[in-house]
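Working notes for the structure below.
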Amino acid sequence: MKRSRLLVISIMTVIITVITSGCSNDVPRPRGYFRIELPEKNYVKFDNDSFPYLFDYANVATIERKATKDEPYWVDVVYPRLNARIYCSYKHVDGNFREVNEDARSFVYKHTIKADDITEQPYVDDSAKVYALLYELKGNTASAIQFVATDSVKHFFRGALYFNNTPNQDSVAPVREYIREDIIRLLESLRWR
Numbered sequence: 014m015k016r017s018r019l020l021v022i023s024i025m026t027v028i029i030t031v032i033t034s035g036c037s038n039d040v041p042r043p044r045g046y047f048r049i050e051l052p053e054k055n056y057v058k059f060d061n062d063s064f065p066y067l068f069d070y071a072n073v074a075t076i077e078r079k080a081t082k083d084e085p086y087w088v089d090v091v092y093p094r095l096n097a098r099i100y101c102s103y104k105h106v107d108g109n110f111r112e113v114n115e116d117a118r119s120f121v122y123k124h125t126i127k128a129d130d131i132t133e134q135p136y137v138d139d140s141a142k143v144y145a146l147l148y149e150l151k152g153n154t155a156s157a158i159q160f161v162a163t164d165s166v167k168h169f170f171r172g173a174l175y176f177n178n179t180p181n182q183d184s185v186a187p188v189r190e191y192i193r194e195d196i197i198r199l200l201e202s203l204r205w206r
């Protein structure tokens, strides 16, 4: 009797072990992202005589005019392969510098809801009378980088980098850094007419 009981317990243990060993614990895998090939780039000059400014931009991007009757000097720097766009706007300052500057600043800080941090980095070129401020927005914000540049008398140039996809800080980080270099080059090469 003891032997048959031991045999039944052994058989039940083997059956339970076999049944439960086929089950695996599902472990969620980390989300993967596509590998992004960042193209080699050189810089070319945006130098249209009818515009009150000129600057360098990467040859992997294109310039699209977004001019309207009221805003004839707006352009976009478009990165088709990277699904990104820098929206650039220009305002002629005519005694309303504080108002224009505050509008741009408040536009940046509207992203505070989603931003983990917003840093400001100044760029100054006294000889060219270009005074710029680069805003870097950390976190899953709609715009990763924004900037303003001015001579504080006559010209006000503003830009904002947007990606044509749902913001995810990790997936766009390499492209963001790649385009950040181009934005810095744009600011350093910006000249007024």
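Numbering-wise, the working numbering puts 72 at position 59 of the sequence shown, and it's gapless, one number per residue. The C-beta atom is built at its ideal place from N, Cα and C for all residues, glycine as well. Quantities reported herein were computed from a predicted structural model and do not represent experimental measurements.
Less than 9 Å between the beta carbons of residue i and residue j, yes or no?
i: tyrosine 148; j: isoleucine 99; result: no
i: aspartate 89; j: lysine 82; result: no
i: serine 63; j: glutamate 84; result: no
i: proline 65; j: histidine 168; result: yes
Please determine, among the options, the residue with the shortest C-alpha to C-alpha distance to residue i.
i: valine 73; options: Lys58, Cys101 and Arg18; result: Lys58
i: asparagine 177; options: Ala145, Ala97, Thr163 and Leu150; result: Ala97
i: proline 135; options: Ala186, Gln159, Thr125 and His105; result: Gln159
i: leucine 199; options: Leu67, Thr26 and Ile126; result: Leu67
i: alanine 71; options: Glu77, Tyr56 and Asn61; result: Tyr56
Determine the DSSP secondary structure at residue i, reduced to helix, strand or coil.
i: asparagine 120; result: Correcting the residue type first, residue 120 is phenylalanine in the shown sequence and not asparagine. Helix at phenylalanine 120.
i: arginine 111; result: helix
i: serine 156; result: strand
i: alanine 173; result: strand
i: valine 73; result: coil
i: valine 166; result: coil
i: threonine 132; result: strand
i: arginine 98; result: strand
From residue i to residue j, what distance separates their C-alpha atoms?
i: isoleucine 196; j: valine 161; result: 11 Å
i: isoleucine 49; j: aspartate 129; result: 25 Å
i: tyrosine 122; j: leucine 95; result: 25 Å
i: alanine 173; j: alanine 141; result: 22 Å
i: isoleucine 126; j: alanine 117; result: 17 Å
i: arginine 16; j: proline 41; result: 45 Å
i: arginine 189; j: tyrosine 92; result: 12 Å
i: glutamate 53; j: threonine 30; result: 58 Å
i: isoleucine 28; j: valine 21; result: 10 Å
Using a Cβ-Cβ cutoff of less than 6 Å, which residues in the same chain neighbour residue i once the five nearest sequence positions on both sides are dropped?
i: arginine 206; result: Pro65
I'd like the list of long-range same chain contacts for residue i, defined as Cβ closer than 8 Å, with 5 residues on each side in sequence excluded.
i: arginine 204; result: Tyr66, Leu67, Phe68, Ala141 and Val143
Please work out which residues of its chain come closer than 7 Å, Cβ to Cβ, to residue i, disregarding the five sequence neighbours upstream and downstream, and give them in chain order.
i: serine 165; result: Phe110 and Tyr144
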